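Chains as they are written, first to last, in the numbering used here: chain A, 1 to 308; chain B, 309 to 597; chain C, 598 to 847.
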Amino acid sequence: MTRRVLGVAAVVLAVLIFPRVAGTYPVKLLQEILIWGMFAMSLDFLMGYAGMVSFGHSAFFGVGGYVAALALVAWGPGVAAGLLLPAAAAALAALVIGFFSIRVSGVYFIMLTLAFSQMFYAVTFQVGWLGAEDGIVGVPRPRLAGVDLNGLTAFHVYVAAFALATVLVLWRIVRSPFGHVLRGIHDNEARMQAVGYAVDRYKLLAFVIAGTVAGVAGALYAQFVGSITPEAFLWRTSGEALLMVIIGGTGTLGGGLLGAAAFILLQSLVSSYTERWMLLLGLTFIVFVLFAPGGIVGALRGRIGLRA
Amino acid sequence: MLLSDLLAQALNGLSYGVLLFLLSVGLTLIFGMLDVVNLAHGSFYMLGAYAGLAMLAVGGSFWLALLAAPVVVGLIGAVMERAVLRPLYRRPPLDQVLLTFGFIYVFEDVVKWIWGGTIRSIPPPDVFAGSVRLFGGAFPSYRIFVIVFGLAMAGLLWLLVERTRLGAIIRAGVYDAEMTAGMGINIDRVFTAVFAFGAALGGLSGVIAGPIQSAQPPMGAAILVPALIVVVVGGLGSLKGSLVGSLLIGQAEVWGKVWLPSVSMAMIYLVMAAVVLLRPQGLFGRPLK
Amino acid sequence: MTALLEVDRLTRYFGALGAVNGVTLAVERRERRAIIGPNGAGKTTLFNLITGHLAPSGGRVVFDGHPITGLPPHRVARHGLARSFQRTNLFSRLTVLENLRLAAAADGRGSYRLFGSVDRLTAPLARAREVADAVGLSERLDETVARLSYGEQRQLEVGVALATRPQLLLLDEPTAGMSPEETRRMTRLLAALGRDVTMLIIEHDMDVVFSLADRITVLHYGEVLVEGPPDAVRADARVYEVYLGTGDGA
Chain A
1 MTRRVLGVAA
11 VVLAVLIFPR
21 VAGTYPVKLL
31 QEILIWGMFA
41 MSLDFLMGYA
51 GMVSFGHSAF
61 FGVGGYVAAL
71 ALVAWGPGVA
81 AGLLLPAAAA
91 ALAALVIGFF
101 SIRVSGVYFI
111 MLTLAFSQMF
121 YAVTFQVGWL
131 GAEDGIVGVP
141 RPRLAGVDLN
151 GLTAFHVYVA
161 AFALATVLVL
171 WRIVRSPFGH
181 VLRGIHDNEA
191 RMQAVGYAVD
201 RYKLLAFVIA
211 GTVAGVAGAL
221 YAQFVGSITP
231 EAFLWRTSGE
241 ALLMVIIGGT
251 GTLGGGLLGA
261 AAFILLQSLV
271 SSYTERWMLL
281 LGLTFIVFVL
291 FAPGGIVGAL
301 RGRIGLRA
Chain B
309 MLLSDLLAQA
319 LNGLSYGVLL
329 FLLSVGLTLI
339 FGMLDVVNLA
349 HGSFYMLGAY
359 AGLAMLAVGG
369 SFWLALLAAP
379 VVVGLIGAVM
389 ERAVLRPLYR
399 RPPLDQVLLT
409 FGFIYVFEDV
419 VKWIWGGTIR
429 SIPPPDVFAG
439 SVRLFGGAFP
449 SYRIFVIVFG
459 LAMAGLLWLL
469 VERTRLGAII
479 RAGVYDAEMT
489 AGMGINIDRV
499 FTAVFAFGAA
509 LGGLSGVIAG
519 PIQSAQPPMG
529 AAILVPALIV
539 VVVGGLGSLK
549 GSLVGSLLIG
559 QAEVWGKVWL
569 PSVSMAMIYL
579 VMAAVVLLRP
589 QGLFGRPLK
Chain C
598 MTALLEVDRL
608 TRYFGALGAV
618 NGVTLAVERR
628 ERRAIIGPNG
638 AGKTTLFNLI
648 TGHLAPSGGR
658 VVFDGHPITG
668 LPPHRVARHG
678 LARSFQRTNL
688 FSRLTVLENL
698 RLAAAADGRG
708 SYRLFGSVDR
718 LTAPLARARE
728 VADAVGLSER
738 LDETVARLSY
748 GEQRQLEVGV
758 ALATRPQLLL
768 LDEPTAGMSP
778 EETRRMTRLL
788 AALGRDVTML
798 IIEHDMDVVF
808 SLADRITVLH
818 YGEVLVEGPP
828 DAVRADARVY
838 EVYLGTGDGA
């Protein structure tokens, strides 16, 4: 147990001092990994722990991103605009979408969540004051306790702190009584109903938690890039997060980060040697689904023998 | 608007609807029978267009491409089903859906590898390269051909499904695959055949779309969601639903852009959501258990 | 005093088939009632109607004075009914202890807690251990379901229902597929459950029925054929006919 804690601490430390040892491009890559990792972890929470496979998770990423962008541009670099409001908006969106989507399951849940996220895409694409196809640009980074986040290191610590917080919070929730209920629902939803659990309510709460985290990730993404476009809502964005979860390992929480790292590194590193990173990604994904459904973490556990 | 403008819009919607129909038939039959939402189905559309491009490049005629492209895409579909999907049938259907998602990336990149990412135009056959004068306006005769061809295909498909033994097997398989297998029919082969057939139709749609849309790698992913909408609205597993749904969506997209440009797309997704919530079996699908 | 469970002309059609056809019965507190009948008599359908897994076509169900007709399963369970299933229906990836603890925690208290440890919810844990004792699984608490024998899984199946502290326990063929030894163990286990838990048992094994039941209801083609104490039912010619037909086995 202490070995794991030390291991995690070492990784956290390495992430934090990374700007001191590496150039701008790798540091930005790491920040992107951390932000997408948050998004992927929130989806893993939904899929791997609550058992709800959603193809519309980008809805909350996009809501967080757009609300952050609009608020920061309109009201300046405040924490409320940059974080609190986007989180609240994403939570609300998740509450509404979740309320309807939880009525169906399986393939229909996939279709419905997809439809909702595409609705957001369609609206942001076609509506003028939301920036239409070009989205919103010139998004400033918030000022946190007087600190200007435009500096590379400052923003890095900021993002890393959020990623770490996400891991900790989700880890605690998974181990909590609520998390155990979710596990029971994932295992045998019918029996959970039969013994008296109001399953829909738990699922909705899980959906809102996942959506809120995704929203924060989206807000951070808008601050990272300095802009946001309708593509944040596109089903391909949901799909990329899905890829990350599966490659990293569904139901492992840390897998989301690993999957994000694999995806983004593949995209950036491999593309400097060959243009075929998409093909490799697709093949990797297929191989994982076929032969290693436990993802990277599952494979690691098998070989190194780490326990849950 | 002039009558000719109205007609132009309606015909555009009709030709788009017909393309959607050919694509979504495969998607709906595959779901009806195998319980798999083949997210790579849009890729068959793209592969068809590029197969057509390849035929033309080796000096073949458009008509040859029309015949050969579906066969090629059908073969690809058959291989995909046998090699990769079939081992997963014992796993929850969601795993198969996820698997097909990976193929989107594979197919798109392979095509990009061979043909590059730029838009490639596909010329229509000479006999339809011109336009036709109707009600005071000029309409591309190719689009008229697409509509006629598509509706003819719809008729042929109807005959196949409703009037032949193979069609009966397909209908039975869509209704209850286990029972059909229990009746001594080699259901595995039927699965492969249906998957390949659906892929071939998707490829046909793609090659026909070529002269209208040109070929580019993301075209498969772009048409996937409209096809999903058609299948949901029409009813998963229903041929009639595919036809009605695709003609509806085709008109809805075209007229929506004209009358309600800022919300037309969102409204269509709203309809999809409403159908899933209120009538999940769609217009003509089998009522869910 | 009103009966604990009152079923009044309960009916369910599947198409034209009346799987359950106007069944009326009343189960008293502390009673042990067996429901028997040939296959297809509608016994499991009756259970499904009572527990809310199926909506009735007609009739009512009243539990402890509360109407529960057509309520969804989790609401029915909250009223104090628990049900075990004919085909083992457990949390297959979890341990015996967790199976029981989840069921014991179903009253929702503390289950929405996002932080904190499950070990702090002592009441469900204690109840889980108590039930494990009662169903003979206290040596197997840390095993996952997959590693249990079939008989042990059936014991856990009963345990999960019992862990919710029900007033009424509906058991659907608890000894299904069991060896004679396992059956005897299950019968002893059920007999040892105090009378605070009223029982309604669907069973095919007549030895189990006669050793446990105070009263027996015989269903045939979805209707109540005969109802009464074991001896009366045993002696009833109609029951004999329905089970044994005209000479060939049922």
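In this text, a Cβ means the ideal position worked out from N, Cα and C, and glycines have one as well. None of the values given here were measured: they were computed from a predicted structure.
- Contact check for residue 217 (chain A) and residue 54 (chain A): beta-carbon distance about 15 angstroms, past the 8 angstroms limit, so the pair fails to qualify.
- Within 9 angstroms of the CB of residue 135 (chain A), no CB atom of chain B is found; the nearest one sits about 16 angstroms away.
- In the structure shown, residue 618 (chain C) falls within a strand segment according to DSSP collapsed to helix, strand and coil.
- CA-to-CA, the gap between residue 102 (chain A) and residue 753 (chain C) works out to about 30 angstroms.
- When the beta-carbon positions are compared, residue 647 (chain C) and residue 617 (chain C) stay at least 8 angstroms from each other.
- When secondary structure is reduced to three states using DSSP, residue 238 (chain A) falls in the helix class.
- Three or more beta-carbon pairs separated by less than 8 angstroms are not found between the stretch 117-137 of chain A and the stretch 2-11 of chain A, which leaves the two stretches without contact.
- The beta carbon of residue 235 (chain A) sits closer than 8 angstroms to some beta carbon of chain B.
- Contact between residue 613 (chain C) and residue 800 (chain C) fails: their C-beta atoms lie close to 29 angstroms from each other, not under 8 angstroms.
- Look at the beta carbons and you see the stretch 776-795 of chain C not touching the stretch 821-839 of chain C: under three pairs across the two are nearer than 8 angstroms.
- Taking the Cβ atoms as the reference, residue 506 (chain B) lies roughly 5 angstroms from residue 338 (chain B), within the contact range of under 8 angstroms.
- One thing to note: residue 772 (chain C) has its Cβ no nearer than 8 angstroms to the Cβ of residue 811 (chain C).
- Secondary structure of residue 191 (chain A) (DSSP, three-state): helix.
- DSSP places residue 770 (chain C) outside both helix and strand once states are collapsed to three, so it counts as coil.
- The secondary-structure analysis by DSSP pairs residue 663 (chain C) across a beta bridge with C:660.
- Chain B places a beta carbon closer than 8 angstroms to that of residue 286 (chain A), counting this residue as a contact.
- In terms of CA proximity to residue 528 (chain B), B:417 leads the group B:371, B:399, B:417 and B:389.
- Under the DSSP assignment, residue 575 (chain B) falls in the alpha helix (DSSP H) whose first and last residues are 572-586.
- Not a single CB atom of chain A sits nearer than 8 angstroms to the CB of residue 653 (chain C).
- One Cα belongs to residue 737 (chain C), the other to residue 56 (chain A), and the distance between them is close to 42 angstroms.
- Under the 8 angstroms Cβ criterion, the stretch 219-235 of chain A counts as touching the stretch 31-49 of chain A, having at least three qualifying pairs.
- Only those residues of the stretch 271-300 of chain A whose C-beta falls short of 9 angstroms from the nearest C-beta of chain B are listed: 275, 276, 277, 278, 279, 280, 281, 282, 283, 284, 285, 286, 287, 288, 289, 290 and 293.
- Look at the stretch 518-534 of chain B: the residues with a C-beta under 9 angstroms from a C-beta of chain A are 529, 532 and 533.
- Between residue 122 (chain A) and chain B, the shortest Cβ-Cβ separation is below 8 angstroms.
- Taking a beta-carbon distance threshold of 8 angstroms, residue 641 (chain C) does not count as an interface residue toward chain A.
- Under the DSSP assignment, residue 448 (chain B) falls in the beta strand (DSSP E) whose first and last residues are 445-448.
- Against chain B, the CB of residue 100 (chain A) has a partner CB under 8 angstroms away; the residue lies at that interface.
- A distance of 8 angstroms or more separates the beta carbons of residue 525 (chain B) and residue 341 (chain B).
- Note on the stretch 129-181 of chain A: there is no whole beta strand (DSSP E) run with a minimum of 3 residues.
- Between the stretch 171-182 of chain A and the stretch 647-662 of chain C there are fewer than three C-beta pairs closer than 8 angstroms, too few to call the two in contact.
- By the rule that beta-carbons nearer than 8 angstroms mark a contact, residue 484 (chain B) does not touch chain A.
- Judged by DSSP in its simplified three-state form, residue 800 (chain C) adopts coil rather than helix or strand.
- Using a 10 angstroms sphere on the CB of residue 44 (chain A), the tally of other CB atoms reaches 16 or more, which defines it as buried.
- Within the same chain, Cβ atoms closer than 6 angstroms to the Cβ of residue 553 (chain B) are found at 538, 541 and 542, the five residues on either side in sequence being excluded.
- From the beta-carbon of residue 207 (chain A), no residue of chain B is found nearer than 9 angstroms; the closest lies around 16 angstroms away.
- Apart from the 5 residues on each side of it in sequence, residue 682 (chain C) sits with its Cβ closer than 6 angstroms to the Cβ of 769 in its chain, given in chain order.
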